[in-house]
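Have a look at the structure below, then the notes.
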Amino acid sequence: MPEGHTVHRIARQFARDFVGHRVAVSSPQGRFAQGAALLDGRELLTSAAVGKQLFLGFEGGHVLRVHLGLYGAWDFLGVVSPLVDGGGAVASLGAPRVRRSVRMGEGEREGDEGAEAEDFPPEPVGQVRVRLATEQTVADLRGPTACEVLDPAATAAALARLGPDPAVEDDVRARMADPHAVAAATGGAAHVEPGETDPAVADAVASGPGTAADVMVQRLTARGTAVGQLLMDQAVVAGIGNIYRAELLYRARLDPHTPGKRVPAETARALWDDWSVLLADGIATGVMLTREDLDEAGRAAALRDPAQRHWVYGRGGEPCRTCGTPVVVEEMAGRKLYWCPTCQR
DNA sequence: TGGAAATGTCTAG
DNA sequence: TAGACCTTTCCAC
8 MPEGHTVHRI ARQFARDFVG HRVAVSSPQG RFAQGAALLD GRELLTSAAV
58 GKQLFLGFEG GHVLRVHLGL YGAWDFLGVV SPLVDGGGAV ASLGAPRVRR
108 SVRMGEGERE GDEGAEAEDF PPEPVGQVRV RLATEQTVAD LRGPTACEVL
158 DPAATAAALA RLGPDPAVED DVRARMADPH AVAAATGGAA HVEPGETDPA
208 VADAVASGPG TAADVMVQRL TARGTAVGQL LMDQAVVAGI GNIYRAELLY
258 RARLDPHTPG KRVPAETARA LWDDWSVLLA DGIATGVMLT REDLDEAGRA
308 AALRDPAQRH WVYGRGGEPC RTCGTPVVVE EMAGRKLYWC PTCQR
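Under this note's numbering, the first residue of the first sequence is numbered 8, with each subsequent residue one higher.
Right under this line is the structure:
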């Protein structure tokens, strides 16, 4: 059940342990047999996340696009490198080592330590849609909403549907969105007409740094739709899910029902800036900790205890941490929305 | 053992 | 807006 930060961590894990390796690709469950056959034995050249989607670029111009949806997850088994500059549970383990499992997606957790070498590679457990394997490391994918092999043109089209993501450098995004560059980088042929590159990215790149924020502000303030819905719209801004949505709105003291058109540009910009901070923190720790009021001890406690991590998310009926008003939980576009009717006015 | 819920998205009506 | 889809986990019975 990932939001954007988790997918960025997954992309980094693949960059550490799979990029540069020839990868055995299989579908133990059988539902991805054709795609697996297409990728099997190819070298993985690139690993990138945009919003909640993962793009793995293989030699030959094939890109594996994965969206975990509500309950998809990757399990990493065998030798799993710590995310050294990422901090959090994985990085704290130090040097690469044999671990039974590091699960990413459905709430990360550490696996049991000390598996024997002869356990590798382990038998797939449950409904494993895809298994990627190097000599030392296995990644098992379960329950994704999307799992498909794309050519460079389809990759560009998938990227074009996504709004800006603060954790994606403009140049990285532009290279990924440029089908010719993707083709060159992955050794494949480009089959895309000029002009198919994501216009948002083209704007951002053409106008220089900082304009990804402008794209988000423009898209958020252009429509009469409730800001609570717009933040979940991946074409407006990529990577925000139900938890970050509720918490960002609370931190901005913004009523989720406010139409986008009535959100001042500076407020929209502040939402982008705050999202950038929360996302970077989430990528670093692997935990969605959205309370900025905690001291060091409180933060450490919240990292251990999920009940302490949020201002309003998951706290329907409980007193607001600021004013004591019961937190409201309601349905917005089919998802549960948590907010404080006193603070967010 | 069965049902509901979960950090999501798409399509039909 | 309702329903479908993907999978696992937890809780009530």
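Even for Gly, the Cβ is constructed at its ideal location relative to N, Cα and C. In this text the structure is predicted, and so the values were computed from the model without any measurement.
Unbroken alpha helix (DSSP H) runs of no fewer than 4 residues, entirely contained in the stretch 242–308, are found at 249–258 and 272–292, following chain order.
Contact check for residue 56 against residue 12 fails: the beta carbons are separated by 7 Å or more.
A contact between stretches requires three or more CB pairs, one per stretch, nearer than 8 Å, and the stretch 37–46 fails this requirement with the stretch 14–28. The C-beta separation of residue 263 from residue 234 comes to about 6 Å, placing the pair in contact by the 8 Å criterion. Rounded to whole angstroms, the Cβ separation of residue 140 and residue 83 is 11 Å, and the two are not in contact under 8 Å. When 134, 296, 149 and 159 are compared, the shortest CA-CA separation from residue 111 is found for 149. Ranked by how close their Cα comes to the Cα of residue 342, the residues 271, 260, 252 and 39 have 252 in first place. Under the three-state reduction of DSSP output, residue 140 falls in the strand class.
For residue 294, the CB contacts under 6 Å within the same chain, skipping 5 residues up- and downstream, are 310 in chain order. Nearest to residue 88 by C-alpha distance, out of 335, 157 and 25, is 25. Secondary-structure assignment with DSSP links residue 43 through no beta bridge to anything. DSSP, read as helix, strand or coil, puts residue 149 in strand.
In the DSSP secondary-structure assignment, residue 33 is bridged to 138. Here residue 154 is bridged, per DSSP, to 73. Ranked by Cα distance from residue 133, the options 51, 41 and 79 are led by 79. Excluding five sequence positions before and after residue 35, the CB atoms of its chain that fall closer than 7 Å to its own CB belong to 131, 135 and 138, given in chain order.
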